[in-house]
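Encoded as structure tokens, the structure appears first; notes follow it.
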Amino acid sequence: MTIARALPLLAAPLLSMLAGAPAEAAETAATHPYAGMWVTADGRIRHHLLPNGRYEEARGGRECAYKGRYAVAGSHIEYWDDTGFTADGDFIDGVLHHGGMVLHRQRETPPARGC
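Below is the structure:
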């Protein structure tokens, strides 16, 4: 498949999230293998990817440092913080690479904090 043909397929889930389309239009946590808690090796940064397409990020002692929505397209993740900040990352060999950080899946996922 050429890049020109693949680009619309990759971009569609992200564009639907930006447009406020229903969560099922994008590959949401309920349909991808990445839902759960992702943590840096030192435990300082924690990303909780919730099944409803929302995330909660904890940093050190700040349990609700950031929160927002996310969408996954293949192995790529896009984040939209509730304050308007955007970020992205990639899942490579079961590891989340995001903003220069490496996060590993935590075996047991705690319940959402409700930030």
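Read in order, the letters of the sequence shown correspond to residues -25 to -1, 1 to 90 in mature numbering (1 follows the signal peptide of the UniProt record, and there is no 0).
C-beta atoms are modelled at their ideal positions from N, C-alpha and C, and glycine is treated no differently.
For E83, the secondary structure class from DSSP, reduced to helix, strand or coil, is coil. Around the beta-carbon of E38, fewer than 16 other beta-carbon atoms lie within 10 Å, marking it exposed. The alpha-carbon separation between G74 and H23 amounts to approximately 16 angstroms. Distances from the alpha-carbon of A40 to those of V47, F66, L25, T58 put T58 closest. Excluding five sequence positions before and after R88, the CB atoms of its chain that fall closer than 7 angstroms to its own CB belong to E31, E38, C39, given in chain order.
At a Cβ-Cβ threshold of 9 angstroms, R21 and R34 count as neighbours. Residues T15, I20 of the same chain have their beta carbon placed closer than 7 angstroms to that of M76, with the five preceding and five following residues left out of the count. Counting C-beta atoms within 10 angstroms of its own C-beta, I67 has fewer than 16 neighbours from the protein chains shown and is therefore classed as exposed.
Annotated three-state conformation of Y9 is coil, per DSSP. Sixteen is the threshold: when 16 or more other Cβ atoms of the shown chains lie within 10 Å of the Cβ of V47, as they do, the residue is buried.
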